[in-house]
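Numbering of the sequence shown is given in our numbering, commencing with residue 3 and proceeding in unit increments. All C-beta atoms, glycine included, are put in the ideal place defined by N, C-alpha and C. As the structure is a computational prediction, the values presented were derived from the model and not from experiment. Structure, as structure tokens:
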Amino acid sequence: MTIEEYKRQSIKRINKQAAVSGAFTHCFDTRAQSERQRTSERKRRLMALVRSNITEIDVLAQHFMISVNTIKKVAYSAGYRISNGQVVESVMR
3 MTIEEYKRQS IKRINKQAAV SGAFTHCFDT RAQSERQRTS ERKRRLMALV RSNITEIDVL
63 AQHFMISVNT IKKVAYSAGY RISNGQVVES VMR
């Protein structure tokens, strides 16, 4: 592979990554907005599930089809705390 071929391949890879991230379509704002909507929807659903007494972290992660760490982040941001693998109402709420 010559230097020119390597540069062309590198530029193609960078452009592909930029296109996937939204750099060429100016959709960073809409992407951030959809992330906020997804997070708020997860918080709302999490609160409903906790109220209906489903508090196991593993069960919640499977329900949302996300990782345990992500469901922990959602729970913390919703104002809950984690104790022994369960989502618990925070004292401060």
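My assumption, with CB atoms under 8 Å, is that residue i sits in contact with residue j. Please give the rounded CB distance.
i            : j            : result
glutamine 88 : glutamate 58 : 6 Å
valine 70    : alanine 77   : Contact doesn't hold; Cβ gap of about 10 Å is too wide.
Roughly how many whole angstroms lie between the Cα atoms of residue i and residue j?
i             : j             : result
isoleucine 68 : aspartate 60  : 10 Å
isoleucine 13 : glutamate 37  : 28 Å
serine 79     : histidine 65  : 18 Å
glycine 81    : methionine 49 : 10 Å
glutamate 6   : arginine 15   : 14 Å
arginine 44   : arginine 33   : 17 Å
Determine, using beta carbons only, whether residue i and residue j come nearer to each other than 8 Å.
i             : j         : result
isoleucine 84 : lysine 75 : no
Self-check item: Whole beta strand (DSSP E) elements within the region 30-95, 3-residue minimum
Solution: 82-85, 88-91
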